[in-house]
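Just below is one structure, and these are the notes that go with it.
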Amino acid sequence: MRILWLFIYSVLCGVLLTLYTNLHDMSKFIFSLGALYAGIRFFRRYEQTGQRVWFIVLSVLFYFIFSFGFALYTQVRITP
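So for the sequence shown, the numbering used here puts the first residue at 51; every next one is plus one.
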């Protein structure tokens with residue numbers, strides 16, 4: 051069950067960070083605060099160092115994966 055929650059929180063933070071970096075209006079700061087809040091909730095729930103390290107590693111990995119997917123989506127959408 052811990053692995054499932056680790057995966058869910060990591061995906062959530064990855065998506066929120068992707069939206070934060072790809073939006074260019076003031077609403078992007080809501081996504082930044084959402085990622086910060088999700089990280090704080092995860093760190094309160096799981097105090098083991100290994101879980102926290104895996105959370106950070108997986109969040110960054112999902113951020114890169116979703117950013118790459120977003121870039122591909124925008125490129126295909128723009129190119130006729």
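Virtual Cβ for every residue (Gly too), placed ideally from N, Cα, C.
Extent of the continuous alpha helix (DSSP H) to which residue i belongs
{"i": "tyrosine 87", "result": "78 to 95"}
{"i": "threonine 124", "result": "99 to 128"}
Collapsed DSSP secondary structure at residue i in the structure displayed
{"i": "threonine 71", "result": "helix"}
Residue i and residue j closer than 8 Å at C-beta
{"i": "leucine 56", "j": "glutamine 125", "result": "no"}
{"i": "phenylalanine 92", "j": "tyrosine 59", "result": "yes"}
{"i": "alanine 88", "j": "leucine 54", "result": "no"}
{"i": "glycine 64", "j": "phenylalanine 118", "result": "no"}
Subject >> Meets three-Cβ-pair contact criterion under 8 Å: the stretch 104 to 120 and the stretch 68 to 86 >> reply: Under the Cβ criterion (8 Å, minimum of three pairs), the stretch 104 to 120 counts as touching the stretch 68 to 86.
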